[in-house]
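**Student:**
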Amino acid sequence: MVRAYVLISTQPGKAMDVVSHMSGQDGIVQSDAITGEYDVIAQVEAPDVAGVGALIVEKIQRIEGVFKTVTCLAVY
55 MVRAYVLIST QPGKAMDVVS HMSGQDGIVQ SDAITGEYDV IAQVEAPDVA
105 GVGALIVEKI QRIEGVFKTV TCLAVY
């Protein structure tokens, strides 16, 4: 299993909507609205790196209000 953290920038006022939309979706372990340069952080898991990429492109980046993502793969 590959784990990654996705830092997400949203349109102003959309962070909580994005978090709500991600809740309960397969592969998205947890998501939280945060302070700082990014608006949301999500912990995701997939069987392989390609699966992580597909999850980000097909699910997270298609959520209304998301305009940028940065993916950090866990390397432990």
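Just so we're aligned, residue 55 is where the sequence shown starts under the working numbering, counting upward by one. Built from N, CA and C at the ideal position, the CB exists for glycine as well. Every value quoted in this text rests on a predicted model; they were computed, and no experiment measured them.
#1: Are the beta-carbon atoms belonging to ILE82 and VAL120 less than 7 angstroms from one another?
#2: Short check: CB of VAL94 to CB of VAL72, under 7 angstroms?
#3: With the cut-off set at 7 angstroms, would you say ALA58 and ALA87 are in Cβ contact?
#4: Using the Cα positions of GLY90 and GLY105, report the straight-line distance between them to the nearest angstrom.
#5: Going by DSSP, name the residue or residues bridged to ASP86.
**Tutor:** According to the data block:
#1: no
#2: Contact: yes.
#3: Pairing ALA58 with ALA87 gives a Cβ-Cβ distance that is not under 7 angstroms.
#4: 28 angstroms
#5: ILE95
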